[in-house]
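Q: Numbering (UniProt numbering), first residue to last: 1 to 121.
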């Protein structure tokens, strides 16, 4: 059975890029969200195996959503996505329980490597 993934990013184009990489590599994208609040709701609905979470989003950012999901689901596997120059936020995310992070623009090999690693921890 394919691993079930929730993609969270406020940019539809970025969600589409990640979805394309994942589906081509045998993963199942079970839901998408465009902000942290929606991410928390969708997580509860679909209980995915893994989440890719953008850090900077309107309404609720990725770190707030990460903390909220981890509070209810301590074993949730979440990988943060960040643009260059967001090192401080990435450190916050890792300290809050993120498994890894991938940098935009996405490189397919790095995305798959981070996901495989997080799923098999």
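In this text, a Cβ means the ideal position worked out from N, Cα and C, and glycines have one as well.
This one's a predicted model, so the numbers in the text were calculated from it and none came from an experiment.
Under 8 Å, do residue 93 and residue 66 count as touching if we go by C-beta distance?
A: Yes, they are a contact pair.
Q: Can you tell me which residues form a DSSP beta bridge with residue 79?
A: According to DSSP, which records beta bridges pairwise, residue 79 is partnered with 52, 100.
Q: Which same chain residues end up closer than 8 Å to residue 69 when comparing Cβ atoms and leaving out the 5 residues on each side of it in sequence?
A: Closer than 8 Å at the Cβ level, and outside the excluded window around residue 69, lie 39, 40, 43, 51, 76, 78.
Q: Expressed to the nearest angstrom, what Euclidean distance is found between the alpha-carbon atoms of residue 8 and residue 121?
A: Cα-Cα distance, rounded: 22 Å.
Q: Just to confirm, is the Cβ distance from residue 60 to residue 35 under 8 Å?
A: Against a cut-off of 8 Å, the Cβ pair of residue 35 and residue 60 comes out as a contact.
Q: State the start and end residues of the unbroken beta strand (DSSP E) segment that holds residue 41.
A: Segment 36-46 is the alpha helix (DSSP H) holding residue 41; no beta strand (DSSP E) there.
Q: As a quick exercise: from 95, 15, 115, 33, pick the residue whose alpha carbon is nearest that of residue 46.
A: The shortest C-alpha separation from residue 46 is found at 33.
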